[in-house]
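J.:
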Amino acid sequence: MKLNPVITSIEEEGAFAVSDKAAALAAAGADIINLGIGQPDLEPAAHIIAAAEKAARDGPHGYTSPVGIPALREAVGEYVEKLTASVISPDQVIIVPGGKVTIYFAAMLFGGTGAEILYPDPGFPPYREAIRASKAQPVAYPIRETLDFGFNADELLELITAKTRLIIINSPANPTGGVVSQDQMDILAKGLEEYPDVAVLSDEIYSQMNFTSSENSSMLQYPHLRDRVILLDGWSKTFGMTGWRLGYGIWPLQLVEHVRKLVTVDHSCVNNIAQMAGLAAITGPMDEICNYRAKLNQRRKIFIDGLSDLPGISCAMPGGAFYAFPNITATGMDSRLLADELLNKAHVATIPGDSFGTNGNGFLRLSYAAPMDDLERALGRIKQFLHEFVI
Ligand code: PLP
């Protein structure tokens, strides 16, 4: 068989590989604490499940519109208007099976041979792989520990060339938990005035998990950019619905017809059951979400302090999402080896930082979206492992 090398060279997202390994060890009887995969330990609220049950029972059971059912597009438009203080037309909303799909569609639309797309390093691995799959050149911009895991907007703007078509930004971020400061967002937005052909994919899937300020820092806040910003969000992280595969993009109106075509040739539409559940989620009570956010914030402080007390490890306080990204260079081990050893010997699953890009070398990603008891046990095991085998 002669396969397409562009596709066969795509790298699998590390979090899923680690999760499978952790599951295999657990199936063999090991007591694994999985802080690898990025999903909240939050069950969808009862009214969300009830809406899905009703839709499964009553239908309709056929295809829906490729861009999503009208009631959901309308509700998403209103929801995002409130979150971002901007005006959104339901016609801009495209419902997709998971947040990731918007990344692929944006890469397909702006990519292609000869194009350059900027993406964060360390960053969510599908950015780079989607860019590569589109045959565009991925151009990494650095996310720095010294900038509280934000970016320097001037440094980013300097990477723009005549070939740049799209910049991907993500705040609050995976894998670092970094939140880009309002200053840097403003500098980026101002700088982009000079590049009217460069679009922005703003991945705001962790926007409801920003612990640094109550301010909204959406890229849609800048009126002069609204006709070239694509906003990515979805139900996975905010509503504890990672397995439901439901997300949305807010697209500039002139791009909607192209994305619609991509949907029709890719997956046709999202199933009605998930969409009705999504509708109940964003129009229903939000108290469980608020309680969960408060719980995450408490865990964040305790877990990061606990990591920082470990020998050979220092950990910056992340401003958002639910990830810790400790610097492990003083252990003398590289990220991959340490992650492997922690899984095999301490039975704690973590993700090596370099699976998020070369700047992630010397770091690990741990999710603190897990019960406090698991977090405490994990800290104890990591400490014991470091004392026994490393320091
Ligand atoms: N964007 C970021 C930064 C993520 O971390 C994730 C999931 O981990 C996604 C997008 C994709 O989310 P979904 O599971 O809805 O595809």
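Read in order, the letters of the sequence shown correspond to residues 8 to 398 in the numbering used here.
Here a beta-carbon is modelled for each residue, glycine too, at the ideal position from N, C-alpha and C.
Small disclaimer: the values here were computed from a predicted structure and weren't measured.
1. In three-state terms, what does DSSP make of Asn399?
2. According to DSSP, which residues form a beta bridge with Arg384?
3. Would you mind listing the alpha helix (DSSP H) stretches within the region 34-110 that are 4+ residues and don't spill past its ends, in chain order?
4. Mind listing, in chain order, the continuous alpha helix (DSSP H) runs of no fewer than 4 residues lying wholly within the region 107-162?
5. Have a look at the DSSP bridge pairing and note the partners of Val270.
6. Please state whether DSSP places Phe332 in a helix, a strand or coil.
7. When burial is assigned at 16 or more other CB atoms within 10 Å of the CB, is Asp361 buried or exposed?
8. Excluding the 5 residues preceding and the 5 following Pro202 in the sequence, name in chain order all residues of the same chain whose CB lies nearer than 6 Å to its CB.
9. In whole angstroms, what is the alpha-carbon distance linking Ile150 and Asp190?
10. Can you give me the C-alpha to C-alpha distance between Ile320 and Tyr255, rounded to a whole angstrom?
11. Report the rounded CA-to-CA distance for Trp251 versus Ala24, giving the unit in angstroms.
12. Below 7 Å, is the gap between the Cβ of Ser243 and the nearest heavy atom of the ligand PLP?
13. For Thr71, tell me which candidate among Ile280, Gly339 and Phe218 has the shortest Cα-Cα distance.
14. Buried or exposed, going by whether 16 or more other CB atoms sit within 10 Å of the CB of Phe363?
15. Between Arg235, Met283 and Ile175, which has its C-alpha nearest Ala59's C-alpha?
16. Do the region 206-225 and the region 296-307 touch if we need at least three Cβ pairs shorter than 8 Å?
17. How long is the line joining the alpha carbons of Asn11 and Ile40, rounded to whole angstroms?
18. Which two residues bound the contiguous alpha helix (DSSP H) that contains Val205?
19. Taking 6 Å as the limit between beta carbons, can you name the residues of its chain near Val277, skipping five residues before and five after?
20. Please identify the residue among Asp273, Lys244, Leu238 and Ser275 whose C-alpha is closest to the C-alpha of Leu262.
21. Give me the residue from Glu348, Leu317, Leu349 and Arg235 with the minimum Cα distance to Asn334.
22. Confirm the yes/no value for this check: CB of Gly105, any heavy atom of the ligand PLP, distance under 7 Å.
23. Over the uninterrupted alpha helix (DSSP H) stretch that includes Val13, give me the two end residues.
24. Closer than 6 Å by C-beta to Arg5: which residues in its own chain qualify, once you throw out the five before and the five after it? Chain order, please.
25. Please classify Leu260: is it buried, with 16 or more other beta-carbons within 10 angstroms of its beta-carbon, or exposed?
26. Would Ala346 pass as a contact of Pro359 if the rule is Cβ separation under 8 Å?
27. Considering only C-alpha positions, which residue in the set Lys89, Phe112, Thr91 and Leu49 is nearest to Thr271?
28. If you check the beta carbons only, do Gly285 and Trp242 fall under 8 Å apart?
29. Please classify Glu200: is it buried, with 16 or more other beta-carbons within 10 angstroms of its beta-carbon, or exposed?
30. Do Glu123 and Arg80 come within 8 Å of each other at the CB atom, strictly closer than that value?
31. Under a CB-based cut-off of 8 Å, is Lys107 close to chain D?
32. Taking Glu264 as the reference, which of Leu90, Thr120, Gln99 and Lys9 has the closest Cα?
33. Distance, Cα to Cα, Ile55 vs Phe246?
34. Let me know the secondary structure DSSP gives Thr171 once reduced to three states.
35. If we ignore side chains and look at the alpha-carbon of each, how far apart do Phe158 and Gly198 end up?
36. Counting only the same chain and skipping the five closest in sequence on each side, list residues whose C-beta sits under 6 Å from that of Leu164.
T.: With the given structure in hand:
1. No answer is possible for residue 399: the residues shown for the chain start at 8 and end at 398.
2. Answer is none; Arg384 lacks a bridge partner.
3. 53-65 and 77-91
4. Scanning the region 107-162 from its first residue to its last, the whole alpha helix (DSSP H) runs of 4-plus residues come out as 107-117 and 132-140.
5. Partner(s): none; Val270 has no beta bridge.
6. coil
7. By the 10 Å Cβ count, Asp361 comes out buried.
8. Note on identity: in this sequence residue 202 is Tyr, with Pro being the wrong assignment. Cβ within range, chain order: Ile167.
9. 15 Å
10. Roughly 37 Å separates the two Cα atoms.
11. Taking the straight line from one Cα to the other gives about 20 Å.
12. yes
13. Looking at the Cα atoms, Ile280 is the closest of the given residues.
14. Residue environment: Phe363 is assigned as buried (16 or more neighbouring CB atoms within 10 Å of its CB, all protein chains considered).
15. Met283
16. yes
17. Distance from the CA atom of Asn11 to the CA atom of Ile40, rounded to whole angstroms, is 38 Å.
18. Looking at the DSSP string, Val205 is not in any alpha helix (DSSP H), and its letter there is neither H nor E.
19. Ile102 and Pro104
20. Checked all of Asp273, Lys244, Leu238 and Ser275; the closest Cα to Leu262 is Leu238.
21. Of the listed residues, the one whose Cα sits closest to Asn334 is Leu317.
22. yes
23. Pro12 to Thr15
24. This structure cannot settle anything about residue 5, because the visible part of the chain is limited to 8 through 398.
25. exposed
26. yes
27. Minimum Cα distance to Thr271 is reached at Phe112.
28. Against a cut-off of 8 Å, the Cβ pair of Trp242 and Gly285 comes out as a contact.
29. exposed
30. no
31. Protein chain content of the structure displayed is limited to a single chain, and chain D is not contained in it.
32. Gln99
33. 9 Å
34. strand
35. When the Cα atoms are used, Phe158 and Gly198 turn out to be separated by approximately 14 Å.
36. Gly198
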